[in-house]
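Input: a single structure, listed below in structure tokens.
Numbering (this note's numbering), first residue to last: 2 to 133.
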């Protein structure tokens, strides 16, 4: 594939390097998104994030909340017919953001009503990742 957008190519290559996954293995069957327990809370579904990474759309990926809500439960990985470990890809995206010292979640700033709506596994997973 010949890239016109060198920055997009660098972003995709960085995500592949951090995750160890070939993002082009995904052919958009949607099984990862269909089984995602956090999917209803995401602004973009997991397969949509992967498609944006394939296209090198760094800005669109990084402004999404999806990779923060991923609980790394590996349901997506287990369901993927191509063996793409999407949890590793989501972790790579988080690492890309965290290396820029950007935090999206501050527990003290979340309204009590909203806090009760969020899936606990997403919160626990998110904070665990930030302390590792």
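We put the CB at the ideal spot given by N, CA and C, even for glycine. Source: prediction; values computed, not measured.
Note that the C-beta distance between residue 57 and residue 25 is not below 8 angstroms.
Annotated as proximal: residue 39 and residue 70, with beta-carbon spacing under 8 angstroms. Within the segment 11-74, complete alpha helix (DSSP H) segments of at least 4 residues are found at 32-36, 47-55, 59-63 and 67-70, given in chain order. In the displayed model, residue 92 falls within a helix according to three-state DSSP.
Comparing alpha-carbon positions, the option among 125, 119 and 124 lying closest to residue 42 turns out to be 119. Taking C-beta separations shorter than 6 angstroms and ignoring five residues to either side along the sequence, the partners of residue 89 in its chain run 20 and 22, following chain order.
Under the three-state reduction of DSSP output, residue 9 falls in the helix class. When DSSP states are grouped into helix, strand and coil, residue 81 belongs to the coil group. According to the DSSP assignment, residue 114 belongs to the alpha helix (DSSP H) that extends over 113-118. Nearest to residue 75 by alpha-carbon distance, out of 66, 65, 124 and 92, is 92.
Within 10 angstroms of the beta-carbon of residue 99 lie fewer than 16 other beta-carbons, which makes it exposed.
With respect to residue 44, residue 67 sits close: the two C-beta atoms are nearer than 8 angstroms.
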